Amino acid sequence: MNLQYEPSQTILRETAERFLADRYGYRTFRETSERAGGFSPAMWAEFAKLGWLALPFSEDDGGLGGGAVDVAILMEAFGRALVVEPYIPTVVLGGGLIASLGDKAQRTEFLPAIGEGKLKLAFAQGDGVAATRRGNDWTLAGSIKAVSGAGIADTLLVAAAMPSGGTGVFALPRNAKGLSIRSYGIVDGATAADVELVDAAAPASTLLGGNEKAQDAVGAALDRAIAAACADAVGAIAVMVTSTVEYAKTRVQFGQPIAKFQVLAHRMVDMKVREEEARASALLATLSLDGASAQRQRAVSGAKAKIGRNGRFVAQNAIQTHGAIGTTQELALGAYAKRIMAFEMQFGSTREHLRRYGALIADPALASAGLLLEPAGA
Amino acid sequence: MDLALAPEDLKFRDEVRAFLKTAITPDMRRDQALTTGFASEPEVALPFHQALIRKGWSVHSWPKEFGGTGWSAVQAYIFENECARAGAPVYNGAGQRMVGPVIMHFGNDAQKKKYLPRIISGDDHWCQGYSEPGSGSDLASLKTRAVSDGDHYIVNGQKIWTTFAHKSNRMFALVRTSTEGKRQEGISFLLLDMDLPGITVRPIHGNGGDHEFNEIFFDNVRVPKEGRVGEENKGWEVAKYLLEFERGGALQAGRVRAQFAKLASVVAKRCADDVDVTRRLAELGTDLDAMEMIDITTLSALQAGANPGPVSSLLKLRWSQLRQDISELAVDALGTDALRFVAERPLFETLQLPPEEEEALSATPRYLNFRAYTILGGTSEIQTGILARALLGL
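Taken in order, these protein sequences are the chains called B and G.
The first sequence begins at -9 in the numbering used here and counts up one residue at a time.
The second sequence begins at 1388 in the numbering used here and counts up one residue at a time.
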């Protein structure tokens, strides 16, 4: 067990925070989300130049070989800066699925292109999406709602039930026949889309790794994406806490800064404690990604639910402490509150993750188990 | 960065498990399971403590030179977790966790020699004489006077909320040796024997039925000055050092997880289909995971020689709340079975019922007693005030 950051990780954090403080922020966020459809090609190219779009891929796949902790560091900085570009759909989830499932040809086709900023992905999974064999190839049918980043993705990864009973993941170009994508803006300024597959043609070469039993890999990739989203939410929570404290120290009413009122001081401590809990939960999720699946799921669902609850508490109390101005778009605060709302509703709601967590800890062995991970087979 | 147990940690865990398997008898486990207060009765805890002594583990957190183990932070965490999982008795920590570190840090050689070995051996039982009827959260207002008389102090006054005073032979106390200047600067830290003439102990029974708290009266008690730790009128610094141990120094994750696991098994047996209860249980599980992670992060920082920051107040604030939340859901999950109340103590002597009924009977006293967790050792409001200053600069 070791929870100290490596020097290279501290450098990554400082680099990311400095770059984003200079180049991103509330104004950039609003321009990108309100006028550019949630994506700035110029900014994405900068991310590619910084190596961020290849961060988690192995060196063999042309990546930087970064781990989950590195991704989490970057995500927290994205959360702080309100980055709205589709990093999780493209790099963490899409890239993650191709890295874990794709054969050599697919990895070579997709991963370097992601790293260079030339390819954006989204991942669509929904009940009732099924693959049917047609000769050597497949057709896909079904519909999926609210797919993050699908409206701006070049290639859509679709999880489908295979006739054999397992799950396959297909990589379809956005103009594939029978695939329609209805894109819309979502509450945090990013985009999502409803996806409709009507006997969409999926050649055999689009099935990642030719794998018809990809369900565990999909579960693991989703958990990885959720852990990244948790780190992003922690960044947003931290900004809300800091800006609330700063505001309360300077806002004068009744002849004194409102931070002097004990009821507000104690509320802000509650917010800060919620932030610390959220940060610890996100770290637990990140560090459990390579553990046994039950431990991984417990940590990830626990973090998703806990950070959702804590984030909601912080957002509501940040707005309340700011008073009327907190309810408006004059301040960045509302954008952070909306980011937490979107976090709560994506990749499974707070309620759904609480249920998954509850089902896992119904196993007495897991309810009584500490957090340190045993090596496989121990 | 990783959360993995190293092979040597696993080996150590197996050694702890093997030890606990023989050291904790079934009776001991039942006695502990039916303990509804904060610590086990000494007659339950002592045999276990003696097994620890034989193993050389009785004061594991102390530096090696004073009889400690020299364990790494991870080993200490594993040990505490395994003890809690196995249902080991909870030894009243006033000697080992509170006054012991104070004597090591501030005490003179004679005091170290006199007191430390008897803490290790379990011969001495300590209680903490801090609060007074008029001095709770505002501890520095304490009035118990110690007036110099040659090589003695003559002590007059009153202490209250003294946990296990009735089972202790020694006390560490804060007494007023000066009324001049700032009130913090007139306080001394004094070690005294509980059998001195002029000391009276009056029991105070908690709402849960347990006798853990006491009121202590000092009537012209002559205390040798050699019991003073640190300089006269400098006791407040000593007290502040000790508070760090009281609030955050102990690893709590194991105990609270054991409390949680017990609740989870009650829920599984009695109301697994009650979505209100299972949802709340899951919320508490995520609260517990977050706090355990903060605990481990603190450990890791200490081990790396880094400063964990003002975390002890945060730990006290949240762990106390979590213990209460778990005890509250336990009562809710039991429903009308939590209504029946047995007043006699200890429960492990009084009750002769099937295990499930015994378990149910301990939930309500525990819920009631645990209301004290957010009050003792600095109330949640005091901790929140400390955090407002330390974390937010307010």
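Quick reminder that beta carbons are idealized off the backbone N, C-alpha and C, glycines included.
This structure is a prediction, so every number in the text was calculated from the model and none was measured.
Nearest-angstrom Cα separation, counted from residue j out to residue i
i	j	result
MET(-9)(B)	ARG1644(G)	19 Å
LEU350(B)	ALA1651(G)	11 Å
GLY1722(G)	GLY1617(G)	52 Å
GLY1636(G)	THR340(B)	Its pLDDT being 49, under 50, GLY1636(G) is placed unreliably by the model, and nothing is read from it.
SER1518(G)	GLY324(B)	46 Å
ALA1775(G)	GLN243(B)	20 Å
VAL1489(G)	GLU1428(G)	24 Å
ALA32(B)	GLY1672(G)	44 Å
GLY155(B)	ASN165(B)	28 Å
ASP189(B)	ASP206(B)	26 Å
ALA1759(G)	GLY175(B)	50 Å
HIS1592(G)	LEU274(B)	41 Å
ALA143(B)	ALA112(B)	6 Å
GLY141(B)	SER(-2)(B)	35 Å
VAL231(B)	ASN300(B)	12 Å
ALA352(B)	LYS135(B)	31 Å
LEU(-7)(B)	ASP1389(G)	6 Å
LYS108(B)	VAL253(B)	52 Å
GLY1566(G)	GLY1573(G)	Position check: residue 1566(G) holds Thr in this sequence, whereas Gly was assumed. For THR1566(G) and GLY1573(G), the distance between alpha carbons rounds to 6 Å.
PRO1394(G)	GLY1457(G)	18 Å
ARG264(B)	THR1684(G)	16 Å
ALA1750(G)	THR1761(G)	18 Å
MET1558(G)	ILE1541(G)	15 Å
ARG8(B)	LEU1726(G)	60 Å
ALA368(B)	LEU356(B)	Residue confidence is low: ALA368(B) scores 42 on pLDDT, short of 50, so the model does not pin down where it sits. No coordinate-derived value is stated.
TRP1449(G)	LYS1442(G)	15 Å
ASP1676(G)	PRO46(B)	27 Å
ILE330(B)	ALA293(B)	14 Å
ALA1659(G)	SER1714(G)	17 Å
ARG302(B)	THR1409(G)	48 Å
SER138(B)	ALA38(B)	20 Å
SER358(B)	ASP1712(G)	17 Å
CB-CB length for residue i against residue j, believed under 8 Å
i	j	result
ALA1669(G)	GLY348(B)	4 Å
GLY225(B)	GLY69(B)	3 Å
ALA1552(G)	VAL1588(G)	5 Å
LYS307(B)	ARG257(B)	Note on residue identity: the sequence assigns Asn, not Lys, to residue 307(B). That pair is a contact at about 6 Å.
ASP1418(G)	PHE1735(G)	4 Å
ALA62(B)	ALA272(B)	7 Å
LEU420(B)	GLU1469(G)	The structure shown does not extend to residue 420(B), since chain B is modelled only from -9 to 368, so the question has no answer here.
Amino acids of chain B, ordered along the chain, whose beta-carbon sits closer than 7 Å to that of residue i
i	result
ASN1468(G)	GLY360
ALA1691(G)	GLN(-6)
ARG1644(G)	SER358 and GLY360
Proximal chain G residues relative to residue i, where beta-carbon distance stays under 8 Å
i	result
ILE351(B)	ALA1651, LEU1668, ALA1669 and GLY1672
PRO(-3)(B)	By Cβ distance, chain G contributes nothing, its closest Cβ being about 12 Å from PRO(-3)(B), past 8 Å.
LEU344(B)	ARG1666, ALA1669, GLU1670 and THR1673
PRO46(B)	Chain G residues near PRO46(B): none, gap ~15 Å exceeds 8 Å.
Within chain G, the residues that residue i reaches when beta carbons sit closer than 7 Å
i	result
VAL59(B)	MET1388
GLY292(B)	GLY1672, THR1673 and ASP1676
GLY348(B)	THR1665, ARG1666, LEU1668 and ALA1669
ALA249(B)	LEU1781
Neighbouring residues, chain G, relative to residue i (Cβ below 9 Å)
i	result
PRO354(B)	ALA1648, ALA1651, SER1652 and ALA1655
Interface residues of chain B facing residue i [CB-CB closer than 9 Å]
i	result
ARG1416(G)	Chain B residues near ARG1416(G): none, gap ~15 Å exceeds 9 Å.
VAL1461(G)	MET(-9) and LEU362
ALA1420(G)	Under the 9 Å cutoff, chain B gives no residues; its nearest Cβ is about 14 Å from ALA1420(G).
PRO1738(G)	Checking the sequence, you will find Leu at residue 1738(G) rather than Pro. Ordered by position in chain B, no residue passes the 9 Å Cβ test against LEU1738(G), which lies about 24 Å from the chain.
Listed by chain order, chain B residues near residue i by CB distance under 8 Å
i	result
LEU1774(G)	VAL259, LYS262 and VAL263
ARG1472(G)	SER358
Cβ-based contacts, 8 Å cut-off: residues of the region 1665 to 1681 of chain G near chain B: THR1665, ARG1666, LEU1668, ALA1669, GLU1670, GLY1672, THR1673, ASP1674, ASP1676, ALA1677, MET1678, GLU1679, MET1680 and ILE1681
To test your reading of the DSSP string, which unbroken alpha helix (DSSP H) runs of 4 or more residues are found completely within the region 83 to 113 of chain B? 86 to 91 and 94 to 105
Uninterrupted alpha helix (DSSP H) stretches inside the region 1631 to 1686 of chain G (no shorter than 4 residues): 1640 to 1657
Contiguous beta strand (DSSP E) assignments of at least 3 residues, all confined to the region 1546 to 1571 of chain G: 1557 to 1563
Against chain G, which members of the region 253 to 279 of chain B pass a CB distance test of less than 7 Å? ALA255, HIS256, MET258, VAL259, LYS262, VAL263, GLU266, GLU267, ALA270, SER271, LEU273, LEU274, LEU277 and SER278
Can you list, in chain order, the residues of the region 228 to 244 of chain B whose Cβ is nearer than 7 Å to any Cβ on chain G? VAL235
Residues within the region 1534 to 1549 of chain G neighbouring chain B, beta-carbon criterion of under 8 Å: none
Determine which residues of the region 1704 to 1720 of chain G have a Cβ less than 9 Å from any Cβ of chain B, and write them out in chain order. LEU1704 and ARG1705
By the 7 Å beta-carbon criterion, what residues does the region 57 to 84 of chain B contribute toward chain G? VAL59
Which ranges would you report for the alpha helix (DSSP H) in the region 1419 to 1454 of chain G if only whole runs of at least 4 residues count? 1429 to 1442
At 4 residues or longer, and completely inside the region 209 to 273 of chain B: list those alpha helix (DSSP H) runs for me, N to C. none
With 8 Å as the C-beta to C-beta threshold (strictly closer), list the residues of the region 295 to 307 of chain B near chain G in chain order. ALA295, LYS296 and ARG299
Anything in the region 1755 to 1772 of chain G with a Cβ closer than 8 Å to a Cβ of chain B? List those residues in chain order, please. GLU1768, THR1771 and GLY1772
Whole beta strand (DSSP E) runs in the region 1452 to 1535 of chain G with 3 or more residues, listed along the chain? 1513 to 1516
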